[in-house]
Amino acid sequence: MWLKKAYDQAVAGGSIPKATFTGDDAIATFGVGKNMVASIRHWALACGVLYEEQGNFRIGKLASEILQDGGLDPYAESPSTAWLAHWQLAGRCFRSTTWYWLFNNVTAPTFTRQELEEPLERYARELDPKHRLSVSTISRDLETCLRSYAPRVVGGSPEDFAEPLLGELGLLQEVHKGQYAFRRGPKASLHDGIFAYALVDFWNREADGQSSLAFETVAYAEGSPGRVFKLDEESIAQRLIALSDFTRRKLEWTDSAGLRQVHRKDLSKEDIKNMIRRAYD
Numbered sequence: 017m018w019l020k021k022a023y024d025q026a027v028a029g030g031s032i033p034k035a036t037f038t039g040d041d042a043i044a045t046f047g048v049g050k051n052m053v054a055s056i057r058h059w060a061l062a063c064g065v066l067y068e069e070q071g072n073f074r075i076g077k078l079a080s081e082i083l084q085d086g087g088l089d090p091y092a093e094s095p096s097t098a099w100l101a102h103w104q105l106a107g108r109c110f111r112s113t114t115w116y117w118l119f120n121n122v123t124a125p126t127f128t129r130q131e132l133e134e135p136l137e138r139y140a141r142e143l144d145p146k147h148r149l150s151v152s153t154i155s156r157d158l159e160t161c162l163r164s165y166a167p168r169v170v171g172g173s174p175e176d177f178a179e180p181l182l183g184e185l186g187l188l189q190e191v192h193k194g195q196y197a198f199r200r201g202p203k204a205s206l207h208d209g210i211f212a213y214a215l216v217d218f219w220n221r222e223a224d225g226q227s228s229l230a231f232e233t234v235a236y237a238e239g240s241p242g243r244v245f246k247l248d249e250e251s252i253a254q255r256l257i258a259l260s261d262f263t264r265r266k267l268e269w270t271d272s273a274g275l276r277q278v279h280r281k282d283l284s285k286e287d288i289k290n291m292i293r294r295a296y297d
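Pasting the structure below:
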């Protein structure tokens with residue numbers, strides 16, 4: 017598991033010298049090829065396992081709590097770790113533009129990689145007009161993204177894949193050769209703790225300071241749990257109803273006169289951490 021490989025390079029204090037990924041001995045250190053070493057670094061940054069600080073990389077606090085020896089999931093085997101990685105990639109737009117765009121902007125029932133190339137290129141140009149991406153770069157990014165969730169059954173290089181743990185989430189399927197479709201509906205392996213964490217994370221970024229959030233926002237807004245986790249309306253409503261007991265009424269669902277909302281009380285950092293911890297119980 018690539019994220020674990022990156023984490024394991026941390027020295028005392030949670031620091032990783034940047035040369036770990038670029039030095040002459042990087043291939044021997046990680047036991048993989050040069051391209052895959054670069055991929056490990058990229059996805060560790062995109063998933064929040066690493067962040068840059070004063071010329072080095074440091075391990076994020078949440079990643080450390082999960083991946084450390086004796087941590088919540090030291091071998092990265094839990095579905096909750098895969099769901100968190102997916103949320104970091106598709107729920108934010110940090111080093112993962114293709115992931116974010118795919119899960120938040122593509123609404124076609126089925127699609128091919130080729131059909132996505134032009135609209136993704138336009139989206140990337142809108143984000144950064146000065147940075148022009150080649151067609152080959154966009155095509156490669158899309159292929160990597162799609163194959164992360166719907167890996168080839170046979171053939172292909174492991175370097176095609178961004179992070180193989182994402183394939184177990186059941187978010188995307190290859191319905192015919194080269195043709196893909198999202199799998200919308202309830203997600204049995206998505207723990208309420210991860211859903212609650214994602215909801216609060218989305219809330220803090222998109223509606224910070226608001227004490228309530230409309231159901232439609234949770235279900236359909238760009239970057240929302242509904243879009244990113246590909247949940248249907250009934251599944252979202254059931255999860256929001258369950259949050260009242262799960263969070264001891266820190267998050268509470270109401271449905272009055274057709275106005276469906278979720279309300280929040282003050283949540284401490286410890287409250288938010290506990291949402292994730294309970295996802296590993």
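The opening residue of the sequence shown carries number 17 in our numbering; numbering runs sequentially from there.
Quick reminder that beta carbons are idealized off the backbone N, C-alpha and C, glycines included.
Since residue i sits in a beta bridge, which residues does DSSP pair it with?
{"i": "arginine 74", "result": "Ser31 and Tyr67"}
{"i": "alanine 230", "result": "Gln277"}
{"i": "arginine 127", "result": "In the sequence as presented, arginine is not what sits at residue 127; that position holds phenylalanine. Answer by DSSP bridge pairing, in chain order: Tyr196."}
How would you label residue i, buried or exposed, when you count the other beta carbons within 10 angstroms and need 16 or more for buried?
{"i": "threonine 38", "result": "exposed"}
{"i": "arginine 141", "result": "exposed"}
{"i": "glutamine 104", "result": "buried"}
{"i": "leucine 143", "result": "exposed"}
{"i": "histidine 207", "result": "buried"}
{"i": "proline 33", "result": "exposed"}
{"i": "lysine 203", "result": "buried"}
{"i": "valine 27", "result": "exposed"}
{"i": "glutamine 126", "result": "This sequence places threonine at residue 126; glutamine is not what is there. Under this definition threonine 126 is an exposed residue."}
{"i": "valine 234", "result": "buried"}
{"i": "tyrosine 213", "result": "buried"}
{"i": "glycine 29", "result": "exposed"}
{"i": "tyrosine 116", "result": "buried"}
{"i": "lysine 146", "result": "exposed"}
{"i": "alanine 35", "result": "exposed"}
{"i": "glycine 209", "result": "buried"}
{"i": "alanine 62", "result": "buried"}
May I have the straight-line CA-CA distance separating residue i from residue j, to the nearest angstrom?
{"i": "leucine 188", "j": "leucine 275", "result": "32 Å"}
{"i": "leucine 283", "j": "proline 95", "result": "25 Å"}
{"i": "serine 228", "j": "serine 272", "result": "14 Å"}
{"i": "leucine 267", "j": "glycine 87", "result": "27 Å"}
{"i": "glutamine 25", "j": "isoleucine 252", "result": "38 Å"}
{"i": "glutamate 286", "j": "threonine 128", "result": "43 Å"}
{"i": "glutamate 64", "j": "isoleucine 75", "result": "Reading the sequence as shown, one finds glycine at residue 64 and not glutamate. When rounded, the distance between both Cα atoms is 8 Å."}
{"i": "alanine 44", "j": "arginine 111", "result": "26 Å"}
{"i": "aspartate 41", "j": "proline 167", "result": "30 Å"}
{"i": "threonine 263", "j": "glycine 49", "result": "45 Å"}
{"i": "tyrosine 196", "j": "lysine 281", "result": "40 Å"}
{"i": "alanine 22", "j": "valine 244", "result": "25 Å"}
{"i": "alanine 223", "j": "methionine 291", "result": "20 Å"}
{"i": "tyrosine 31", "j": "valine 53", "result": "Correcting the residue identity first, residue 31 is serine in this sequence and not tyrosine. Between serine 31 and valine 53, the C-alpha separation is close to 17 Å."}
{"i": "glutamate 131", "j": "proline 90", "result": "39 Å"}
{"i": "glycine 242", "j": "phenylalanine 119", "result": "10 Å"}
{"i": "glutamine 226", "j": "phenylalanine 218", "result": "12 Å"}
{"i": "glycine 71", "j": "serine 155", "result": "32 Å"}
{"i": "leucine 19", "j": "valine 191", "result": "29 Å"}
{"i": "threonine 160", "j": "threonine 114", "result": "10 Å"}
{"i": "arginine 163", "j": "isoleucine 288", "result": "32 Å"}
{"i": "alanine 106", "j": "asparagine 121", "result": "11 Å"}
{"i": "alanine 79", "j": "tyrosine 139", "result": "30 Å"}
{"i": "phenylalanine 73", "j": "threonine 270", "result": "43 Å"}
{"i": "glycine 186", "j": "glutamate 238", "result": "20 Å"}
{"i": "arginine 199", "j": "leucine 247", "result": "9 Å"}
Between which two residues does the alpha helix (DSSP H) harbouring residue i extend?
{"i": "aspartate 287", "result": "285 to 294"}
{"i": "threonine 97", "result": "95 to 106"}
{"i": "threonine 44", "result": "The question names threonine, but residue 44 in the sequence shown is alanine. Its alpha helix (DSSP H) spans residues 42 to 46."}
{"i": "phenylalanine 119", "result": "113 to 121"}
{"i": "histidine 58", "result": "50 to 62"}
{"i": "alanine 22", "result": "18 to 23"}
{"i": "glycine 162", "result": "What sits at residue 162 in the sequence shown is leucine, not glycine. From DSSP, the alpha helix (DSSP H) with leucine 162 extends over 151 to 165."}
Using a Cβ-Cβ cut-off of 8 Å, state whether residue i counts as contacting chain D.
{"i": "serine 94", "result": "The chain inventory of the structure shown lacks chain D, comprising one protein chain alone."}
Would you give the residue range spanned by the beta strand (DSSP E) that residue i belongs to?
{"i": "leucine 267", "result": "267 to 272"}
Ignoring anything shorter than 4 residues or poking outside the stretch 180 to 250, list the alpha helix (DSSP H) runs there in chain order. 208 to 222, 231 to 236 and 241 to 244
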